[in-house]
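Numbering (this note's numbering), first residue to last: 96 to 217.
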């Protein structure tokens with residue numbers, strides 16, 4: 096379960112960041128983009144902690160986001176929402192901290208990876 100959740104976190108954050116960076120001016124410095132992405136990562140972490148994992152993911156998922164569940168792609172924000180409606184995140188907590196953020200020299204692509212803590216009631 097944790098492996099799937101980690102993959103979800105990485106995929107949704109990656110897609111959000113790609114969309115955000117793609118819309119940004121290519122003349123922005125790498126440091127500015129890095130700080131923007133860091134701020135989005137922090138906002139995502141706050142959203143899942145304050146409003147729940149499902150709601151936090153949905154707030155940050157692009158309309159064309161892809162979520163991998165049980166080796167199958169769930170394509171699109173609405174499909175992800177429908178999938179989340181089949182399970183409960185009550186009592187579950189997620190904390191996400193990026194360890195590294197990389198921005199392409201062109202400024203049109205970025206990714207991050209980091210550490211997460213997922214706690215759920217047995």
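C-beta atoms are modelled at their ideal positions from N, C-alpha and C, and glycine is treated no differently.
Given a cut-off of 7 Å on the beta-carbon distance, is the pair residue i and residue j in contact?
i, j, result
"residue 184", "residue 151", "no"
"residue 172", "residue 160", "yes"
"residue 212", "residue 180", "no"
Any idea if residue i is buried or exposed, counting beta-carbon neighbours within 10 angstroms, 16 or more meaning buried?
i, result
"residue 111", "buried"
"residue 214", "exposed"
"residue 141", "exposed"
"residue 134", "exposed"
Can you give the Cα-Cα distance for residue i and residue j, rounded to whole angstroms?
i, j, result
"residue 162", "residue 176", "10 Å"
"residue 208", "residue 132", "12 Å"
"residue 198", "residue 130", "11 Å"
"residue 174", "residue 153", "11 Å"
"residue 47", "residue 178", "The structure shown does not extend to residue 47, since the chain spans only 96 to 217, so no value can be given for it."
"residue 108", "residue 155", "7 Å"
"residue 166", "residue 200", "32 Å"
Starting from the Cα of residue i, find the closest Cα among the options and give me that residue.
i, options, result
"residue 205", "193, 138, 169", "193"
"residue 105", "128, 164, 126", "164"
"residue 127", "108, 202, 153", "202"
"residue 157", "216, 195, 170", "170"
"residue 125", "182, 216, 196, 136", "196"
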